[in-house]
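Quick notes on the structure that follows.
Numbering (our numbering), first residue to last: 265 to 560.
Structure below.
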């Protein structure tokens with residue numbers, strides 16, 4: 265297989281078209297088209313479906329891109345590291361992180377990383393949806409309690425837990441009467457199992473507010489609307505100064521933040537550096553360490 269043609273194929277697949285790939289690489293579009301055609305001919309496969317206004321990978325093309333794109337990137341990075349005489353982190357680093365972590369801590373972490381590694385171009389998007397790391401060209405994703413995925417490896421770098429909180433003047437729930445609650449996303453009447461000073465108990469909750477952000481939920485609870493389940497890191501400062509009170513810990517609701525990356529790809533210097541930076545930011549991985557970021 266011609267590695268030059270394969271490299272051009274990966275370039276076109278990554279940019280989603282010959283024109284965009286040509287502009288990004290500063291190379292003639294005709295050259296890229298010819299190289300990809302030569303690769304298709306040598307393999308006896310069609311790698312792209314070509315339309316008048318679109319270009320789409322075939323199933324075979326997608327498989328080839330997924331299996332070779334990361335390897336070619338690694339070869340380029342290795343060559344660059346050897347040429348520069350070391351393994352200094354450099355180049356683009358794309359990260360996907362969950363919304364709450366991004367809003368509360370990622371800005372400060374990203375700024376510190378950028379100052380320490382000025383040759384890395386860090387790009388962070390915040391989203392709670394599952395992303396396809398290969399298809400969307402992410403180098404690292406941060407997720408809360410991710411489902412097992414054989415194609416990804418990683419490490420848990422931070423732990424948290426859910427607690428039920430309310431404003432100081434909110435009346436404690438009595439018996440089986442439902443209390444007003446604030447929830448993230450749509451919700452009908454719910455029963456929360458909590459552990460508190462009185463042991464295990466249940467709280468019946470009637471959602472009166474459904475909000476899309478946990479920070480919005482916290483602010484609504486501060487205003488006295490009702491009870492809410494929130495990460496202890498997000499409300500520990502409020503509990504300490506008395507603006508919220510603790511009604512109990514949510515049973516069986518451990519939270520772990522994981523940093524994940526493709527298992528088949530050797531870690532680049534920039535990904536390794538970011539993982540070490542996270543470890544330094546949260547050396548013990550406790551909720552208090554995240555709360556410190558929120559309180560700054």
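We put the CB at the ideal spot given by N, CA and C, even for glycine.
Closer than 8 Å is the cut-off here; do at least three beta carbon pairs connect the segment 428-445 with the segment 453-462?
yes
Starting from the N-terminal side, write out each stretch of the beta strand (DSSP E) that is 3 residues or longer and does not extend beyond the segment 426-455.
Counting only runs of 3 or more, we get 443-448.
Tell me which residues share the same chain as residue 498 and place their Cβ nearer than 8 Å to its Cβ, disregarding the 5 neighbours each side in the sequence.
364, 368, 478, 479, 482, 555 and 558
For residue 397, does the count of other Cβ atoms within 10 angstroms reach 16, so buried, or fall short, so exposed?
buried
State buried or exposed for residue 329, treating a residue as buried only when at least 16 other CB atoms are found within 10 Å of its CB.
buried
For residue 274, I'd like the list of residues in its chain whose CB is within less than 7 Å of its CB, leaving aside the five on either flank, ordered along the chain.
Leaving aside the five residues that flank residue 274 on each side, the residues in its chain whose CB is nearer than 7 Å to its CB run, in chain order, 329, 332, 333 and 336.
Answer yes or no: do residue 426 and residue 546 have a C-beta to C-beta separation smaller than 9 Å?
no
Rounded separation between residue 522 and residue 281 - CA only:
33 Å
Comparing alpha-carbon positions, which option in 551, 544 and 548 lies nearest residue 376?
544
At the level of alpha carbons, what is the spacing between residue 409 and residue 418?
12 Å
Going by the beta-carbon positions, is the gap between residue 366 and residue 388 smaller than 9 Å?
yes
Where does residue 394 sit, in a helix, a strand or coil, going by DSSP?
Residue state, collapsed to three classes: coil.
Quick one: what does DSSP say residue 462 is sitting in, helix, strand or coil?
Residue state for residue 462 is assigned as coil, using DSSP reduced to three classes.
Candidates 457, 471 and 472, of which the one nearest residue 465 by Cα
457
Reduced DSSP secondary structure (H/G/I, E/B, other) of residue 489
coil
State the DSSP-derived secondary structure class of residue 557, mapped to helix, strand or coil.
The answer is helix: DSSP assigns residue 557 an H, G or I state.
At which residues does the alpha helix (DSSP H) containing residue 534 begin and terminate?
Judged by DSSP secondary structure, residue 534 falls within the alpha helix (DSSP H) whose first and last residues are 533-545.
Cβ pair residue 391, residue 411 closer than 9 Å:
no
Let me check you understand the geometry: is the CB of residue 307 closer than 8 Å to at least one non-hydrogen atom of the ligand MN?
Looking at this structure, you won't find the ligand MN or any other ligand, since it has none at all.
Please list the terminal residues of the continuous beta strand (DSSP E) segment that includes residue 580.
Residue numbering for the chain in the displayed model covers 265 to 560; residue 580 lies beyond these limits and cannot be assessed.
Quick one: is residue 269 buried, meaning 16 or more other Cβ sit within 10 Å of its Cβ, or exposed?
buried
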